[in-house]
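If you read the protein sequences in the order shown, they are chains A and B. When we follow my numbering, the leftmost residue of the first sequence carries the number 1, and every step to the right adds one. When we follow my numbering, the leftmost residue of the second sequence carries the number 1, and every step to the right adds one. Virtual Cβ for every residue (Gly too), placed ideally from N, Cα, C. Please read these numbers as outputs of a predicted model, since none were measured by experiment.
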Amino acid sequence: MRTRLKATEPFVFHTRFNLQELTGLKAANIDQLLRHIKKVPSSSIYHHTHRFAEKHHRLSLVSSNDFAYWVGEILGDGMLGEKLAGIDTVRFRTIHDLREAIVGTIERHLDEERGSRRMFVYHGAEFYFVKSTSVILSTRYTACTLEEFTRLLKKVSTNSIYFHVFEARLRLEKRTNDFSYWLESSLGDTELADRISRLDPYIYSLEGLRKKIIGLLEKRA
Amino acid sequence: MASIKDYRPIVGRSVIEELELLAAHLKGVVVQNINSTAVGGGVAEILTRFIPLLRELGVDARWDVIKGDRRFFEVTKKFHNALHGREEEIPDGIYEFFLNEGARIIDETDIYGDIVVVHDPQPIMLVRKKRRDGKKWVWRCHVDIAHADKRVFAFLKQFIMKYDGVIFSSPLFSRRLALRQFLISPSIDPLSDKNKEIPQETIDSVLKKYGVKRDKPVITQVSRFDYLKDPVGVIDAFNLVKKYNDCQLVLAGNSAADDPESDKVLSEVREKACRDPDIHILLIPPEQNDIDINALQRASTVIIQKSIREGFGLVVSEALWKAKPVVASAVGGIPLQVEHQRGGLLCRSVEGSARAVRQLLNNPEYAGWLGRNGKEHIRQNFLLTRHLRDYMLLFIALYHGEDIIHL
């Protein structure tokens, strides 16, 4: 039975918590936003591009990022807001590359639409740059087989799913998500690993993502 | 007093398990909280709930209260108002008095915590007891200091800068400071009288007591009778709504004995209401406040919070927790709680709020969807359990400088 095959290494479920720290930087127009995006710590870029994914545990909303939301909804530059929301976060392997893509999108837009520079927000509606401090801990849940892994995936917190799918891949700069890595390296199931790694996690709520991955695991069984 | 296990059915098993997991990493660490009052006021209310829950989780949290005389608290009240940006006359002698009283308080207060959390300006000077002994000091600023009086802030800054970090409730309340600034939003307690589930009979009896019938939709604002909560603007918005939708308005608040302005506001509100039988102006006695407000919110069709200025505005979280569609001004901490068009509607004017209320009254499915989303948002982000978690994370982060902490 494929599901009872023992892994060469067990999978230890970790969990991750986010503590928010203020950077003291804020922007009231697009030039200020761009200037700060270029220099804030990568933990701030990470925070503002992943807060939506982390916040929506059950609610299924198309994920966006804080920059897109603020530019489109608060600053009122709907076109740039859309362009920023369209940045396909899943394509990037590092925060550095993601930051470059955001900067490039804004700079290209400013070259084309000079009017964007004249927009500013009223006092109190500025964009505040926050950074994320991650605290990572191992849980008591350990899986040695696909069967155990599937059972525990139903049980672990959404924080744990978030950590292994989003944080491990982009923030810790692993090649893929932790689930796919383990399925391939410890169970030798390249096909299943590939199916999970080809998912775009940014379009699911965390509970939706859990359901989707469990669906793939059970189908395999 | 609720036990941590009582929150499990509300937030889920894994949330409680994770709190226990974090607490295990704080074993042996003594967290000493210091504030200026044991009862009354938001800080005492938070600590009264927090300390037993942290201890139940295994964190050695303790709470000390500084002693000051009437004049000391008059001075700190002036500081508090000035930090909020209100104009206060502060004679020079006051700073000297604060320093002298501070020296006495420093003498009388025993510092024994590994982590010392000092709440608000009253005990701020205690940081002078900080030594190079590895103890961590944090100042928990519960007030909005973004527009603080320059002189008062400059005076307090000499103390603030000695701390290892400051905690603010919202980015909007902060200032740029050369030390770590943590962001921890306040929370509501889903098991408190104000928020717990109550039987329909209780709701019905509260409505009967205040003469509110359920024959037409109920729009409610819960707030003190204060210009900054704009109750007159709420009536203006209601009158615009009423042109198209038959409905009633409830303005519910308690009588603030310590606020001389509230009588003036109340009489203006009554005048504006023009004896309209569909406008219910309710003064809720403080001893019944929590359950009555809970019942009124649960009986409402739409809840409005049309504040002109606001602190964090947790009353919005309380409304959302009851899965009610909310129309609220985009001021203070409200936009953090209401995700526009996803978990409520934000507005900036009488006309905007009237339009939003009409939209909700005429689209009950959309209103229900917003209410359910809003409740979920509060469950994830503004309940007491998240607040406890953030505090424990902060305690851990104080011993680490890096952005990614592996425990």
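Boundaries of the beta strand (DSSP E) in which Leu179(B) is found, first to last residue: In the second sequence, counting from the first residue as 1, residue 179(B) sits at position 179. Secondary structure note for Leu179(B): it is in no beta strand (DSSP E), with a DSSP letter that is neither H nor E.
Any chain B beta carbon closer than 7 Å to Ser180(A): Stepping through the first sequence from its first residue, residue 180(A) is reached at position 180. Answer no: the Cβ-Cβ gap between Ser180(A) and chain B never drops below 7 Å.
Cβ-based neighbour list, Glu73(A), same chain, cut-off 8 Å, excluding 5 preceding and 5 following: As a first step, residue 73(A) is located in the first sequence; it is residue number 73 there, counting from the start. Excluding positions up to five away in sequence, the list reads Gly81.
Contacts that Tyr128(A) makes with chain B (C-beta to C-beta distance below 7 Å): Walking along the first sequence from the start, residue 128(A) turns up at place 128. The answer, in chain order, is Pro171.
Against chain B: residues of the segment 130-146 of chain A by CB proximity under 9 Å: Against chain B - using a Cβ distance shorter than 9 Å - the residues of the segment 130-146 of chain A are Val130, Lys131, Ser132, Thr133, Ser134, Val135, Ile136, Leu137, Ser138, Thr139, Arg140.
Interface residues of the segment 31-48 of chain A facing chain B [CB-CB below 9 Å]: Residues Pro41, Ser42, Ser43, Tyr46.
Chain A contact for Gln181(B) (CB, 7 Å cutoff): Along the second sequence, one-based indexing puts residue 181(B) at 181. Judged by the 7 Å Cβ criterion, Gln181(B) is in contact with chain A.
Opposing strand residues paired with Ala143(A) [DSSP bridges]: What you label residue 143(A) is simply residue 143 of the first sequence in a count that begins at 1. The bridge partners DSSP lists for Ala143(A) are Phe11(A).
As assigned by DSSP and simplified to three states, the class of Tyr128(A): For this step, residue 128(A) is matched to residue 128 along the first sequence. Strand.
Where Leu26(B) sits in the DSSP three-state scheme: Numbered from 1 along the second sequence, position 26 holds the residue referred to as residue 26(B). In the structure shown, the three-state DSSP call for Leu26(B) is coil.
Contact set between the segment 145-174 of chain B and chain A, restricted to residues whose Cβ is under 8 Å from the partner: Within the segment 145-174 of chain B, the residues whose Cβ lies closer than 8 Å to some Cβ of chain A are Phe168, Pro171, Leu172, Ser174, listed in chain order.
From Arg275(B), Phe173(B), Asp290(B), residue whose alpha carbon lies closest to that of Ile334(B): Counting from one through the second sequence, the residue named residue 334(B) turns up at place 334. Put simply, of Arg275(B), Phe173(B), Asp290(B) the residue whose alpha carbon is nearest the alpha carbon of Ile334(B) is Phe173(B).
Sheet register partners of Arg140(B) (DSSP bridge): Position 140 of the second sequence, counted from the start, is the residue given in the question as residue 140(B). For Arg140(B), which the question treats as bridged, DSSP gives the partners His119(B), Ile167(B).
Backbone secondary structure at Thr278(A) - three-state DSSP: Only positions 1 to 221 of chain A appear in the structure, and residue 278(A) is not among them; the question remains open.
Arg214(B) versus Gln200(B), Arg132(B), Val222(B), residue with shortest Cα-Cα distance: Counting from one through the second sequence, the residue named residue 214(B) turns up at place 214. Closest option to Arg214(B), Cα to Cα, is Gln200(B).
Same chain, Cβ closer than 6 Å to Arg379(B), neighbours up to 5 away in sequence not counted: The count along the second sequence starts at 1 and reaches residue 379(B) at position 379. Apart from the 5 residues on each side of it in sequence, Arg379(B) has no Cβ closer than 6 Å to any other Cβ in its chain.
Limits of the unbroken beta strand (DSSP E) element including Leu383(B): Along the second sequence, one-based indexing puts residue 383(B) at 383. Here Leu383(B) belongs to no beta strand (DSSP E), and DSSP marks it neither H nor E.
Nearest candidate by alpha-carbon position, reference Asn373(B), set Leu47(B), Lys272(B), Gly93(B), Ala319(B): Within the second sequence, numbered from 1, the residue matching residue 373(B) stands at position 373. Of Leu47(B), Lys272(B), Gly93(B), Ala319(B), the residue nearest in Cα terms is Ala319(B).
Check whether Ile106(A) and Leu25(A) have beta carbons under 7 Å apart: In the first sequence, the residue the question calls residue 106(A) occupies position 106. In the first sequence, the residue the question calls residue 25(A) occupies position 25. Contact: no.
Buried versus exposed, by CB contacts within 10 Å (16 or more), Gly371(B): Position 371 of the second sequence, counted from the start, is the residue given in the question as residue 371(B). With 16 or more Cβ atoms within 10 Å of its Cβ, Gly371(B) is classed as buried.
Proximal residues to Leu314(B) (C-beta, below 7 Å), its chain only, five neighbours per side dropped: Counted from its first residue, the second sequence places residue 314(B) at position 314. Contacts found: Pro186, Ile188.
Beta-carbon separation (whole angstroms), Ser205(B) vs Gly253(B), contact threshold 8 Å: Counted from its first residue, the second sequence places residue 205(B) at position 205. Counted from its first residue, the second sequence places residue 253(B) at position 253. Rounded, the Cβ-Cβ distance is 20 Å, inconsistent with contact.
At least three beta-carbon pairs within less than 8 Å, the segment 24-33 of chain B to the segment 43-59 of chain B: A contact exists between the segment 24-33 of chain B and the segment 43-59 of chain B.
Residue-level contact to chain B via CB, Ser64(A), 7 Å cutoff: As a working mapping, residue 64(A) is identified with position 64 in the first sequence. Taking Cβ atoms only, chain B never reaches closer than 7 Å to Ser64(A), which makes this a no.
Length of the line joining the Cα atoms of Phe50(B) and Asn294(B): Counted from its first residue, the second sequence places residue 50(B) at position 50. Counted from its first residue, the second sequence places residue 294(B) at position 294. Annotation: Phe50(B) to Asn294(B) spans about 22 Å, alpha carbon to alpha carbon.
Among Glu376(B), Lys129(B), Ile405(B), the one whose alpha carbon lies nearest that of Glu108(B): By one-based count along the second sequence, residue 108(B) stands at place 108. Nearest option by C-alpha distance: Lys129(B).
Residue-chain proximity (Phe149(A), chain B), Cβ-Cβ < 7 Å: Sequence index remark: in the first sequence, residue 149(A) carries index 149 (1-based). For Phe149(A), the nearest beta carbon of chain B is not closer than 7 Å to its own beta carbon.
Reference Arg132(B), options Ile124(B), Gly12(B), His147(B), Asp164(B), closest by Cα: As a position in the second sequence, residue 132(B) is number 132, starting the count at 1. Checking every option, the nearest Cα to that of Arg132(B) belongs to Asp164(B).
Stretch pair the segment 108-121 of chain A + the segment 11-26 of chain A: three plus CB contacts closer than 8 Å: Judged by Cβ distances under 8 Å, the segment 108-121 of chain A makes no contact with the segment 11-26 of chain A, as fewer than three pairs qualify.
Secondary structure of Asn35(B), DSSP reduced to three states: Counted from its first residue, the second sequence places residue 35(B) at position 35. The three-state secondary structure of Asn35(B), taken from DSSP, is strand.
Identity of the residue in Asn81(B), Thr301(B), Thr48(B) nearest Cys34(B) by Cα: The sequence position of residue 34(B) within the second sequence is 34, counting from 1. The identity of residue 34(B) in the sequence shown is Ile, whereas the question assumes Cys. Per the Cα distances, Thr48(B).
Burial state of Val421(B) (16 or more Cβ within 10 Å): This structure leaves residue 421(B) out entirely; chain B is present only between 1 and 407.
Rounded separation between Val40(A) and Asn177(A) - CA only: For the purposes of this step, residue 40(A) is identified with residue 40 of the first sequence, where counting begins at 1. For the purposes of this step, residue 177(A) is identified with residue 177 of the first sequence, where counting begins at 1. As the crow flies, the alpha-carbon of Val40(A) is around 26 Å from that of Asn177(A).
Neighbourhood of Leu98(A) by C-beta, 7 Å cutoff - its chain only, sequence neighbours within 5 removed: In the first sequence, the residue the question calls residue 98(A) occupies position 98. The beta carbon of Leu98(A) sits closer than 7 Å to those of Ile45, Thr49, Thr89, Phe92, all from its chain and outside the five residues before and after it, given in chain order.
Proximal chain A residues relative to Val331(B), where beta-carbon distance stays under 9 Å: On the second sequence, residue 331(B) is found 331 positions in, with the first residue counted as 1. Proximity of chain A to Val331(B) at the Cβ level (cut-off 9 Å) is accounted for by Gly124, in chain order.
Below-7 Å beta-carbon distance, Leu170(A) vs any chain B residue: Sequence index remark: in the first sequence, residue 170(A) carries index 170 (1-based). No, Leu170(A) does not count as interfacial toward chain B.
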